[in-house]
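Engineer: Taking full-length UniProt numbering, the leading residue of the sequence shown gets 1, the next gets one more, and so forth.
Glycine included, every Cβ here is placed at the ideal spot set by N, Cα and C.
Sharing a structure below in structure tokens format, with a few things to ask.
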Amino acid sequence: MLRQPDDKYKQPKMDELQAMIEEYGIQWHTLHCELITPMYGGGVESTKVDEKMPIRVSSIRGQLRFWWRLLAKYQWKIEDIAKAETNLWGGMNQGDDDGKASKVLLKVTNFPTAQKVKSNLVSYETFNNLKYVLFPASNAEEKKINPHKLLKADGIEWDLQFAFTPTITDKQKQQVIDTLQWWANFSGLGFRSRKGLGAFYVSECRDFPKICESLSSDDIAKANCQLVQRPVTASPLIALETAIRKLANFRQSPNVGRNPGQQANRPGRSRFPEPDALRRIQRNLGYDRNHEPVHPAGNIFPRAVFGLPINYQSRSERAINVMLQPTEGERLASPLILRPVYAGEQNGQKQWKPSALVLPYEHILDMTVRIGRDNYPIWQKDKTQDIRPIAENGGGDPLQAFLTYFAR
Numbered sequence: 001m002l003r004q005p006d007d008k009y010k011q012p013k014m015d016e017l018q019a020m021i022e023e024y025g026i027q028w029h030t031l032h033c034e035l036i037t038p039m040y041g042g043g044v045e046s047t048k049v050d051e052k053m054p055i056r057v058s059s060i061r062g063q064l065r066f067w068w069r070l071l072a073k074y075q076w077k078i079e080d081i082a083k084a085e086t087n088l089w090g091g092m093n094q095g096d097d098d099g100k101a102s103k104v105l106l107k108v109t110n111f112p113t114a115q116k117v118k119s120n121l122v123s124y125e126t127f128n129n130l131k132y133v134l135f136p137a138s139n140a141e142e143k144k145i146n147p148h149k150l151l152k153a154d155g156i157e158w159d160l161q162f163a164f165t166p167t168i169t170d171k172q173k174q175q176v177i178d179t180l181q182w183w184a185n186f187s188g189l190g191f192r193s194r195k196g197l198g199a200f201y202v203s204e205c206r207d208f209p210k211i212c213e214s215l216s217s218d219d220i221a222k223a224n225c226q227l228v229q230r231p232v233t234a235s236p237l238i239a240l241e242t243a244i245r246k247l248a249n250f251r252q253s254p255n256v257g258r259n260p261g262q263q264a265n266r267p268g269r270s271r272f273p274e275p276d277a278l279r280r281i282q283r284n285l286g287y288d289r290n291h292e293p294v295h296p297a298g299n300i301f302p303r304a305v306f307g308l309p310i311n312y313q314s315r316s317e318r319a320i321n322v323m324l325q326p327t328e329g330e331r332l333a334s335p336l337i338l339r340p341v342y343a344g345e346q347n348g349q350k351q352w353k354p355s356a357l358v359l360p361y362e363h364i365l366d367m368t369v370r371i372g373r374d375n376y377p378i379w380q381k382d383k384t385q386d387i388r389p390i391a392e393n394g395g396g397d398p399l400q401a402f403l404t405y406f407a408r
């Protein structure tokens, strides 16, 4: 299981860094980055854009460490990943009083002015086609007093500069370049970045042009990931909207994730088992007797594979009101990344592919969720044919079925 990005690392102090630069003539390499989808949050408060510092080096470093760990485990087959990570990226080793400094130096330059950022902040309601992934904003309390705003991508650019300390090996340098390529292809900035918000495009890196290149199918497979893409569009925002719509439809749209409703304002019953499972498990809390639990898959929670927590809500059925969380911990990061990916140019215009990347997730299928005092499975393989959205999209497990649906 891969740890998520964090900000805990040790870097050289400013006087040490300046002395190192002067003594060894450290060379900085520049990646020119352009925001291509709206950014949500990313500041000290996760849902707020920091007008003075919209792009944070600490967040980027955490993301780079995450991608490095993925490659270390699945592609490079490093045995002692924690030790190798600390040796390259810095941190505290067991028995080290002062820890190790990072061999990779990072800084953000030429980022937009506070005035530019402020002028680009708009209400989340501006992006109606992204509302499926903007529920933290729509569910926020006191929206009129403290509205959630997104940073429009228009003209938001910056440079990420990186350098190597003299102690880095050639092998470690190549690992960093490979890591930056994955970061450039699939990372995002701010809140909800795995659902495509805050996506950026690295348009230039003269010293290491590989970073700007798309990853090959072989690259994806070596990292034990899966990538499915849809036909190109000239707009990265439209590409993201397409990807989000496919996810929303798979999970809950009529004739795909749920039955068609009998009335226009009343959605049909879900074709996934979670609502009926909650009616069985929490029946003492009360539920609509017109919705007696009948789903044949039983008490399993397959949509948890897409990440937790899930906030189930119903005005009329208390049994369904629950914040579904993993048995261990409070959250489970989604292994699914949705994003527009650069696909070259046609007639001088950039093209973008709606893309779905699935990270290694097999361990999630064996996990459980906790409801009250009891635990319930996320997935059971023998239930595949009982869940129509999965059975009708090639079977397998929920993520495999979604990838099949995404490609259609």
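Assign residue 376 to one of three DSSP states: helix, strand, or coil.
Structural biologist: For this step, residue 376 is matched to residue 376 along the sequence shown. Residue 376 falls in the strand class under three-state DSSP.
Engineer: Can you tell me the Cβ-Cβ gap for residue 387 and residue 272, rounded? I've got them flagged as a contact below 8 Å.
Structural biologist: Walking along the sequence shown from the start, residue 387 turns up at place 387. Walking along the sequence shown from the start, residue 272 turns up at place 272. Indeed they touch by this definition, with Cβ atoms about 6 Å apart.
Engineer: Whose C-alpha, out of 277, 354, 210, is nearest the C-alpha of residue 245?
Structural biologist: Start at 1 with the first residue of the sequence shown, and residue 245 comes out as number 245. Closest by alpha carbon: 354.
Engineer: Inspect the beta-carbon positions of residue 186 and residue 339 and report whether they are closer than 8 Å.
Structural biologist: Along the sequence shown, read from residue 1 onward, the residue named residue 186 stands at position 186. Along the sequence shown, read from residue 1 onward, the residue named residue 339 stands at position 339. Against a cut-off of 8 Å, the Cβ pair of residue 339 and residue 186 comes out as a contact.
Engineer: With 16 other CB atoms within 10 Å as the buried threshold, where does residue 200 fall?
Structural biologist: For the purposes of this step, residue 200 is taken as the residue at position 200 of the sequence shown. Residue 200 should be labelled buried.
Engineer: Between the C-alpha atoms of residue 161 and residue 28, what's the straight-line distance to the nearest angstrom?
Structural biologist: Taking the sequence shown and counting its residues from 1, the one referred to as residue 161 is at position 161. Taking the sequence shown and counting its residues from 1, the one referred to as residue 28 is at position 28. Taking the straight line from one Cα to the other gives about 6 Å.
Engineer: Residue 166: buried (16+ other C-beta within 10 angstroms of its C-beta) or exposed?
Structural biologist: On the sequence shown, position 166 is the one that residue 166 refers to. When all chains shown are included, residue 166 counts as exposed.
Engineer: In the structure shown, what three-state DSSP assignment does residue 434 receive?
Structural biologist: The chain is shown from 1 up to 408; residue 434 falls before or after that span and cannot be answered.
Engineer: Is the distance from the Cβ of residue 189 to the Cβ of residue 211 below 8 Å?
Structural biologist: Within the sequence shown, residue 189 is the residue found at index 189, counting from 1. Within the sequence shown, residue 211 is the residue found at index 211, counting from 1. No, these two residues do not count as a Cβ contact at 8 Å.
Engineer: Give me whichever residues DSSP pairs with residue 40 in a beta bridge.
Structural biologist: For the purposes of this step, residue 40 is taken as residue 40 along the sequence shown, with counting starting at 1. Looking at the DSSP assignment, residue 40 forms a beta bridge with 150, 191.
Engineer: For residue 148, count the other beta carbons within 10 Å of its own beta carbon; 16 or more makes it buried, fewer makes it exposed. Which is it?
Structural biologist: By 1-based counting over the sequence shown, the position of residue 148 is 148. Buried, by the Cβ-count rule.
Engineer: Starting from residue 355 and walking both ways along the beta strand (DSSP E), at which residues does that stretch end?
Structural biologist: As a working mapping, residue 355 is identified with position 355 in the sequence shown. Counting along the chain, the beta strand (DSSP E) containing residue 355 begins and ends at 349-358.
Engineer: Excluding the 5 residues flanking residue 370 on each side, which residues of the same chain have their C-beta closer than 6 Å to its C-beta?
Structural biologist: As a first step, residue 370 must be located in the sequence shown, where it is residue number 370. Around residue 370: 327.
Engineer: Compute the Euclidean distance between the alpha carbons of residue 215 and residue 41, then round it to the nearest angstrom.
Structural biologist: Along the sequence shown, read from residue 1 onward, the residue named residue 215 stands at position 215. Along the sequence shown, read from residue 1 onward, the residue named residue 41 stands at position 41. Computed Cα separation, rounded: 28 Å.
Engineer: Could you tell me the distance, in whole angstroms, from the CA atom of residue 402 to the CA atom of residue 282?
Structural biologist: Your numbering for residue 402 matches position 402 in the sequence shown. Your numbering for residue 282 matches position 282 in the sequence shown. Cα to Cα, residue 402 sits roughly 29 Å from residue 282.
Engineer: Within 10 angstroms of its Cβ, does residue 323 collect 16 or more other Cβ (buried), or is it exposed?
Structural biologist: Here residue 323 corresponds to residue number 323 of the sequence shown, with the count starting at 1. Flag for residue 323 reads exposed.
Engineer: Quick one: what does DSSP say residue 158 is sitting in, helix, strand or coil?
Structural biologist: Locating residue 158 in the sequence shown gives position 158, where the first residue counts as 1. Note: residue 158 maps to strand in three-state DSSP.
Engineer: Determine the direct distance from the alpha carbon of residue 361 to that of residue 390, and round the result to whole angstroms.
Structural biologist: Position 390 of the sequence shown, counting from 1, holds the residue named residue 390. Position 361 of the sequence shown, counting from 1, holds the residue named residue 361. Distance between the alpha carbons of residue 390 and residue 361: 17 Å.
Engineer: If you pair each beta-carbon of the segment 82-92 with each one of the segment 57-68, do three or more pairs fall below 8 Å?
Structural biologist: yes
Engineer: With a CB to CB cut of under 6 Å and the five nearest residues on each side skipped, what residues in its chain are close to residue 50?
Structural biologist: Taking the first residue of the sequence shown as position 1, residue 50 is located at position 50. Here residue 50 has 43 as same chain residues with Cβ atoms under 6 Å from its own Cβ, once five neighbours each way along the sequence are excluded.
Engineer: Excluding the 5 residues preceding and the 5 following residue 114 in the sequence, name in chain order all residues of the same chain whose CB lies nearer than 8 Å to its CB.
Structural biologist: For the purposes of this step, residue 114 is taken as the residue at position 114 of the sequence shown. These residues qualify, in order along the chain: 51, 52.
Engineer: Does the structure place the segment 261-277 close enough to the segment 296-309 that three or more beta carbon pairs sit under 8 Å?
Structural biologist: yes
Engineer: Taking buried to mean at least 16 other C-beta atoms within 10 Å of its own C-beta, is residue 295 buried or exposed?
Structural biologist: Here residue 295 corresponds to residue number 295 of the sequence shown, with the count starting at 1. Under the 10 Å beta carbon count, residue 295 is surrounded by 16 or more other beta carbons and is classified as buried.
Engineer: For residue 109, count the other beta carbons within 10 Å of its own beta carbon; 16 or more makes it buried, fewer makes it exposed. Which is it?
Structural biologist: For the purposes of this step, residue 109 is taken as the residue at position 109 of the sequence shown. Exposed: under 16 other Cβ atoms inside 10 Å.
Engineer: On the CB-based measure, 16 or more other CB atoms within 10 Å of its CB, does residue 8 come out buried or exposed?
Structural biologist: Mapped onto the sequence shown, residue 8 falls at position 8. At residue 8 the pLDDT is 48, less than 50, meaning the model places this residue with poor confidence and gives no usable figure here.
Engineer: Are there three or more Cβ pairs, one per stretch, closer than 8 Å when the segment 238-258 is compared with the segment 125-132?
Structural biologist: yes
Engineer: Does DSSP put residue 247 in a helix, a strand or coil?
Structural biologist: To locate residue 247, count along the sequence shown from 1; it is residue 247. Here residue 247 sits in helix by DSSP.
Engineer: Is it buried or exposed for residue 451, if we count other Cβ within 10 angstroms and need 16 for buried?
Structural biologist: Past the edges of the chain, shown from 1 to 408, lies residue 451, and the structure says nothing about it.
Engineer: Please return the same chain residues whose Cβ sits closer than 8 Å to the Cβ of residue 253, not counting the five positions on each side in sequence.
Structural biologist: Residue 253 sits at position 253 when you count from the first residue of the sequence shown. Once the five neighbours on either side are set aside, residue 253 has no close Cβ partner at all.
Engineer: Start and end of the beta strand (DSSP E) containing residue 311?
Structural biologist: As a first step, residue 311 must be located in the sequence shown, where it is residue number 311. Per DSSP, residue 311 belongs to the beta strand (DSSP E) from 310-312.
Engineer: Got a sec? Which residues, its chain only, sit under 8 Å from residue 279 by beta carbon, not counting five neighbours each side?
Structural biologist: Within the sequence shown, residue 279 is the residue found at index 279, counting from 1. If we look at residue 279 and ignore the five residues flanking it on each side, its Cβ neighbours are 287, 291, 292, 293, 317, 319, 320.
Engineer: With distances taken Cα to Cα, identify the nearest neighbour of residue 111 among 133, 158, 138.
Structural biologist: To locate residue 111, count along the sequence shown from 1; it is residue 111. Considering only alpha carbons, the answer is 158.
Engineer: I'd like the list of long-range same chain contacts for residue 395, defined as Cβ closer than 8 Å, with 5 residues on each side in sequence excluded.
Structural biologist: Along the sequence shown, read from residue 1 onward, the residue named residue 395 stands at position 395. Answer for residue 395: 384, 385, 401, listed in chain order.
Engineer: For residue 247 versus residue 37, is the C-beta distance shorter than 8 Å?
Structural biologist: If you number the sequence shown from 1, residue 247 lands on position 247. If you number the sequence shown from 1, residue 37 lands on position 37. For residue 247 and residue 37, no; Cβs fall outside 8 Å.
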